[in-house]
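> So for the sequence shown, full-length UniProt numbering puts the first residue at 1; every next one is plus one. This is the structure, below, for whatever I ask next.
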Amino acid sequence: MIEPKRNILDIVIKRATDYALGIQHQEGYWIAPLDSNSTMEAEFLLLLYFLGIHDEVRQQKIVNHILKHQQEDGSWSLYFQGSGDLSTTVECYFALMLSGVSKDAPNMKLAREFIIAKGGIAKVRVFTQIWLALFGQWSWQQIPTLLPEIIFLPSWFPFNVYAFASWARATVVPLTIVMAERPVCAIPNHCALTDLFLQDAMPQKAQGHGIWGVIFKVIEKGFKLYERMPWKPGRRLAIKKSIQWIIDHQEADGSWGGIQPPWVYSLIALKLTGHSLEHPVMRKGIDGFDSFSIEDNETMQVQACVSPVWDTSLMINALKEVGVESSHPQIQSACRWLIKKQILVGGDWSIQNPKLSPGGWAFEFENANYPDIDDTAEVLMALWHASLSESENVQCKVAIKTGTQWLLGMQGKNGGWAAFDRENNNFFLAKFPFFDFGEILDPPSVDVTAHVLEALGMMGYTRDNPVIKRALDYIYQEQEPNGSWFGRWGVNYIYGIGTVLPALRAVGEDITSPTIQKAIQWLLAHQNADGGWGESCASYVDVTQHGCGPSTPSQTAWALLALMAVDQYEHPAVHKGIDYLCDTMNVQGTWDEDHYTGCGFPGYGEGQRKSIASLQEGHLKDAIASAGFMINYNLYRHCWPLMALGRYQKGWFGNK
Numbered sequence: 001m002i003e004p005k006r007n008i009l010d011i012v013i014k015r016a017t018d019y020a021l022g023i024q025h026q027e028g029y030w031i032a033p034l035d036s037n038s039t040m041e042a043e044f045l046l047l048l049y050f051l052g053i054h055d056e057v058r059q060q061k062i063v064n065h066i067l068k069h070q071q072e073d074g075s076w077s078l079y080f081q082g083s084g085d086l087s088t089t090v091e092c093y094f095a096l097m098l099s100g101v102s103k104d105a106p107n108m109k110l111a112r113e114f115i116i117a118k119g120g121i122a123k124v125r126v127f128t129q130i131w132l133a134l135f136g137q138w139s140w141q142q143i144p145t146l147l148p149e150i151i152f153l154p155s156w157f158p159f160n161v162y163a164f165a166s167w168a169r170a171t172v173v174p175l176t177i178v179m180a181e182r183p184v185c186a187i188p189n190h191c192a193l194t195d196l197f198l199q200d201a202m203p204q205k206a207q208g209h210g211i212w213g214v215i216f217k218v219i220e221k222g223f224k225l226y227e228r229m230p231w232k233p234g235r236r237l238a239i240k241k242s243i244q245w246i247i248d249h250q251e252a253d254g255s256w257g258g259i260q261p262p263w264v265y266s267l268i269a270l271k272l273t274g275h276s277l278e279h280p281v282m283r284k285g286i287d288g289f290d291s292f293s294i295e296d297n298e299t300m301q302v303q304a305c306v307s308p309v310w311d312t313s314l315m316i317n318a319l320k321e322v323g324v325e326s327s328h329p330q331i332q333s334a335c336r337w338l339i340k341k342q343i344l345v346g347g348d349w350s351i352q353n354p355k356l357s358p359g360g361w362a363f364e365f366e367n368a369n370y371p372d373i374d375d376t377a378e379v380l381m382a383l384w385h386a387s388l389s390e391s392e393n394v395q396c397k398v399a400i401k402t403g404t405q406w407l408l409g410m411q412g413k414n415g416g417w418a419a420f421d422r423e424n425n426n427f428f429l430a431k432f433p434f435f436d437f438g439e440i441l442d443p444p445s446v447d448v449t450a451h452v453l454e455a456l457g458m459m460g461y462t463r464d465n466p467v468i469k470r471a472l473d474y475i476y477q478e479q480e481p482n483g484s485w486f487g488r489w490g491v492n493y494i495y496g497i498g499t500v501l502p503a504l505r506a507v508g509e510d511i512t513s514p515t516i517q518k519a520i521q522w523l524l525a526h527q528n529a530d531g532g533w534g535e536s537c538a539s540y541v542d543v544t545q546h547g548c549g550p551s552t553p554s555q556t557a558w559a560l561l562a563l564m565a566v567d568q569y570e571h572p573a574v575h576k577g578i579d580y581l582c583d584t585m586n587v588q589g590t591w592d593e594d595h596y597t598g599c600g601f602p603g604y605g606e607g608q609r610k611s612i613a614s615l616q617e618g619h620l621k622d623a624i625a626s627a628g629f630m631i632n633y634n635l636y637r638h639c640w641p642l643m644a645l646g647r648y649q650k651g652w653f654g655n656k
C-alpha cells in the first residue's frame, strides 16, 4: 500500500521540482505576481488623471483589467469571491467614468445600483474620501484632518511620524501635504457623482472609540480650527521638511516603501509643491510603476508590491526540503542574489533603535529604508546551508552573522518580533478619526516571531537561551483558548499554527505538551472532507469562518507542516492531506489557487489580533471588512506544498 503511494509522491515531487527550477529568473531570483484588489488599478488611473498624464492604450488596458474583476452584482471585492466592498466599488466606478466608460453601460449601472444599495458614497472610508475630494466630489472640510506640522514632533513624542507603522508613516507624510493644500482637479460634469449621494445619508465621519477616541476627536476639531486660521506659523517650513523627507525616502526603483499607497500620494504631494513631471524624483516615481505592472495585449495589472526576496527565500527552502543540493547551480545562483540584496545601511527602524547595526533584507527588489524581520528570517534559513566558492562562503557567513545580529536586536520587550520596527505599539493612535483603514501600527506578531525562532533553531539556539525563552513566553501568551494562533500575515489560524509548531520543534520544545496537543486537535478538527485545509479571508471578521473554507494548496501545506513538526506522520489526516496535494497538482506541475491566503492588513487598526470574544460581538464586522487588505502570493501555491511534500517524503518514507 505504501509503495504505490511513494511512487506517486516521487513523481509529484519531481514534477514540482522541475517546475520550480524552470521558472527561476536568469539573475537567480524567483518572483510571481502579487494580486490584491482593483483599487490598485483604479487609483493608478486617478493618479494619471490628476497628474495630467495621457496614455490611451495603457488606460484602456487598465480599464479592461478592472472590468474583468467586477462581480455579478456590480461590485468589486477585496479578495477572490469576497463580498462586494463599497469603497472599492466607488473608486472603480469613478475611475472608469474618468477613463471614458459611459455611466449608462450595463456594468456601470450594476455598480451604481450596488453603491446605492449600500447607502451611497456617504459611507466610504477616509482613503476613498480623499480620492473623491481631489476631484471635487467630496468636501475637504468633511475629512478628518492631519497637519503637516507633525513632521516637527520628535521621535520620543507619542504622536510623531515614527510612531506609525512603516507603511502608514510613508503614507501619512505626503497625505498631510495633500490635505493642507486641498487641491481640486477639474473633471467633466457628466463624471460627477452627485447622484450617488443619497438624501437620507449624510457624509460619514470616522469615529474613534473609548477615552482616546474622545480625546482625539477633540484634537481633530482643534486641527480643523487651526486649518481655518489665515496665518499658520511653521506651515511653509513643515511642508518643506515633509517634501525633503519624501525625497530622501524614495527608493532606487522610484517607489516609496516598495508599496502603492505612499507612492501615489508622494507623487501627488510633489506635484502640489511645484515639482514638474520631468523633475528627476517625479520622473523616477512615474516610470517606476512599469516594474510593478503586469501588461499583456489586453490588460494591465498594477501590483501593490513585488516580492522577489520573499519568493526566492521560500523557494530555496522548499527545494532543499525535496533534496535539491545546496551545491546545485540554481540554488547557488539564488543564494548569491540574496547575499547581494542584504541591506547594510540604516533605515527608519534605526530611529527607535539607533545602536543596532544594519543587516536585514527587504521584501522587494529595492526597499533600503524598510528591511523586515520576516524576510530576514527566511533568508537566513535559505543561506544557512549555502554551498558556494570559498570566498563566497566567507561572504555568506558574514551576511548570516550580521543578519542574525540585526534580528536579535529587533526583538520587542514582550519577547516577540514585529514586521519592520521595534516597539511600534502606541495603540491609542489607532483611535484617531483619520485612521479607518488597514493597520497603522506594527506590534509583534506570532507568525513573524515563529519564523525567527525557526531560523534561530536551525542555527542551534534552544529554549535555554534567554532570547528564545522570552519569545516562547510571548507565543504561549498569544495562544487562543481553543488551541489556535492568529495569523497576522497569512490567512489565518491555519497559518498561525503552521508557523508556530515548526518553530517550537526547531528550538526543542516538548511536542507532547498540552499546549501543542491542543493546537493539533484544532487542526485535525478543521480538515476538509477532501483531505485538504482551507480558511477564508472572512475569518478575520467572522468567527464562524475560523479554520473554514475551500481547501487550498498553501493552507493544506501549512497544516501538514505543523502536524509533521510534531511527529504526526502516521496520522490518517496527514496521509489524506498529502493525497490531496498529489491529486490536485495540475498538468504544468504546480497547483491552482485562486483563493487569497496572504494578509496585508486584517483591518483591525492596531495591527494585532482581536479577541475571539470581541469579534463575536459583531459590531466591528463591517468596518473591519472594509479596512482589510488581502493578498494572493502566486508562488505560495507552489513553494509551500513542495516544502510539505519534501518533509513528508523524508519523515515518513525516510523512517521505513
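Beta carbons are placed, not taken as given, at the ideal position from N, Cα and C, and that holds for glycine. Keep in mind that this is a model prediction, so the values were computed, not measured.
1. Cα separation between residue 94 and residue 606?
2. Rounded C-beta distance between residue 589 and residue 556? I'm assuming under 8 Å.
3. For residue 80 and residue 632, which I take to be in contact (beta-carbon distance under 8 Å), what is that distance rounded to the nearest angstrom?
4. Helix, strand or coil for residue 206 per DSSP?
5. Apart from the five residues on each side of it in sequence, which residues of its chain come closer than 6 Å, Cβ to Cβ, to residue 30?
6. Taking the C-alpha atoms as reference points, what is the distance between residue 462 and residue 82?
7. Hey, quick one: how far does the alpha helix (DSSP H) through residue 294 stretch, first residue to last?
8. Would you say the region 82-91 touches the region 51-59, given that touching needs at least three Cβ pairs under 8 Å?
9. Using only alpha-carbon positions, find the residue among 188, 38, 35, 129 that is nearest to residue 102.
10. For residue 56, which of helix, strand or coil comes out of DSSP?
11. Whole beta strand (DSSP E) runs in the region 545-619 with 3 or more residues, listed along the chain?
12. In angstroms, rounded to a whole number, what distance separates the CA positions of residue 16 and residue 558?
13. From which residue to which residue does the beta strand (DSSP E) around residue 507 run?
14. Tell me, to the nearest whole angstrom, how far the beta carbon of residue 336 is from that of residue 392; I am working on the premise that it is less than 8 Å.
15. In this structure, does DSSP put residue 12 in helix, strand or coil?
16. Using C-beta distances below 8 Å, list every residue in its chain close to residue 571, excluding the 5 sequence neighbours before and after it, in chain order.
17. DSSP beta-bridge partners for residue 250?
18. Contact defined as beta carbons within less than 8 Å: I believe residue 638 pairs with residue 300. What is the distance between those atoms, to the nearest angstrom?
19. Just curious, the beta strand (DSSP E) that residue 631 is in, first and last residue?
20. Take the Cβ of residue 585 as the centre, count every other Cβ of all protein chains shown within 10 Å, and call the residue buried at 16 or more, exposed below.
21. Quick one: using the 10 Å Cβ neighbour count with 16 as the cut-off for buried, is residue 251 buried or exposed?
22. Would you please state the rounded distance, in angstroms, between the beta carbons of residue 152 and residue 238? I believe it to be under 8 Å.
23. In chain order, what residues of the same chain lie with their CB nearer than 7 Å to the CB of residue 449, ignoring the 5 residues before and after it?
24. Determine the closest residue to residue 265 out of 181, 226, 330, 294, with distance taken between C-alpha atoms.
25. What runs of the alpha helix (DSSP H), each 4 residues or longer, lie entirely inside the region 44-109?
26. My understanding is that residue 114 touches residue 73, with C-beta atoms under 8 Å, so please give their C-beta distance in whole angstroms.
27. Determine the direct distance from the alpha carbon of residue 377 to that of residue 370, and round the result to whole angstroms.
28. Throw me the rounded Cβ distance for the residue 234 and residue 149 pair, which I believe falls under 8 Å.
29. Determine whether the beta carbon atoms of residue 293 and residue 302 lie at a separation below 8 Å.
30. Name the one or two DSSP bridge partners that residue 302 has.
31. Reducing DSSP to helix, strand and coil, say where residue 35 ends up.
32. Spell out a yes or no on whether the region 420-427 and the region 337-357 are touching, meaning 3 or more CB-CB pairs, one atom from each, closer than 8 Å.
33. Residue 139: buried (16+ other C-beta within 10 angstroms of its C-beta) or exposed?
34. How long is the line joining the alpha carbons of residue 322 and residue 647, rounded to whole angstroms?
35. Cα separation between residue 157 and residue 412?
36. Can you tell me whether DSSP reads residue 5 as helix, strand or coil?
Based on what the coordinates show:
1. Approximately 30 Å, taken between the alpha carbons.
2. The Cβ separation is near 17 Å, so there is no contact.
3. Indeed, because the Cβ distance is near 7 Å, the residues count as touching under 8 Å.
4. The predicted model places residue 206 with a pLDDT of 46, which falls under 50 and marks its position as unreliable; any figure quoted below should be read in that light. In the structure shown, residue 206 falls within a coil segment according to DSSP collapsed to helix, strand and coil.
5. Cβ within range, chain order: 24, 311, 312, 315.
6. Taking the straight line joining both Cα atoms gives about 42 Å.
7. Bounds of any alpha helix (DSSP H) do not take in residue 294; it lies within the beta strand (DSSP E) bounded by 293-295.
8. With the cut-off at 8 Å, the region 82-91 and the region 51-59 do not touch.
9. It is 188 whose Cα lies nearest to the Cα of residue 102.
10. Three-state result, residue 56: helix.
11. Unbroken beta strand (DSSP E) runs of no fewer than 3 residues, entirely contained in the region 545-619, are found at 598-601, following chain order.
12. Going from the Cα of residue 16 to the Cα of residue 558 covers about 17 Å.
13. Segment: none, residue 507 is in no beta strand (DSSP E) and carries neither H nor E.
14. For residue 336 against residue 392, the beta-carbon gap comes to about 7 Å, under 8 Å, which counts as contact.
15. Residue 12 falls in the helix class under three-state DSSP.
16. Closer than 8 Å at Cβ, skipping near neighbours: 524, 563.
17. Residue 250 is bridged to 256.
18. The pair is not a contact, with the Cβ atoms about 25 Å apart (cut-off 8 Å).
19. Its beta strand (DSSP E) spans residues 629-633.
20. So residue 585 counts as buried.
21. Buried is the call here.
22. The beta carbons of residue 152 and residue 238 sit about 6 Å from each other, so the pair counts as a contact at 8 Å.
23. Within the same chain, residue 449 has close Cβ partners 416, 417, 471, 474, 475.
24. The option with the nearest alpha carbon to residue 265 is 181.
25. Listed in chain order, they are 56-68, 86-98.
26. The Cβ separation is near 6 Å, so the contact holds.
27. A straight-line Cα-Cα distance of about 15 Å links residue 370 and residue 377.
28. Residue 234 to residue 149, Cβ: 6 Å. Contact.
29. Yes, Cβ-Cβ distance for residue 293 and residue 302 is below 8 Å.
30. DSSP lists 293 as partners of residue 302.
31. Here residue 35 sits in strand by DSSP.
32. As far as the Cβ criterion goes, the region 420-427 touches the region 337-357, which means the pair count is three or higher.
33. Counting Cβ neighbours within 10 Å, residue 139 comes out exposed, since fewer than 16 surround it.
34. Looking at the two C-alpha atoms, the distance is approximately 7 Å.
35. Between residue 157 and residue 412, the C-alpha separation is close to 19 Å.
36. Looking at residue 5 - three-state DSSP - the assignment turns out to be helix.
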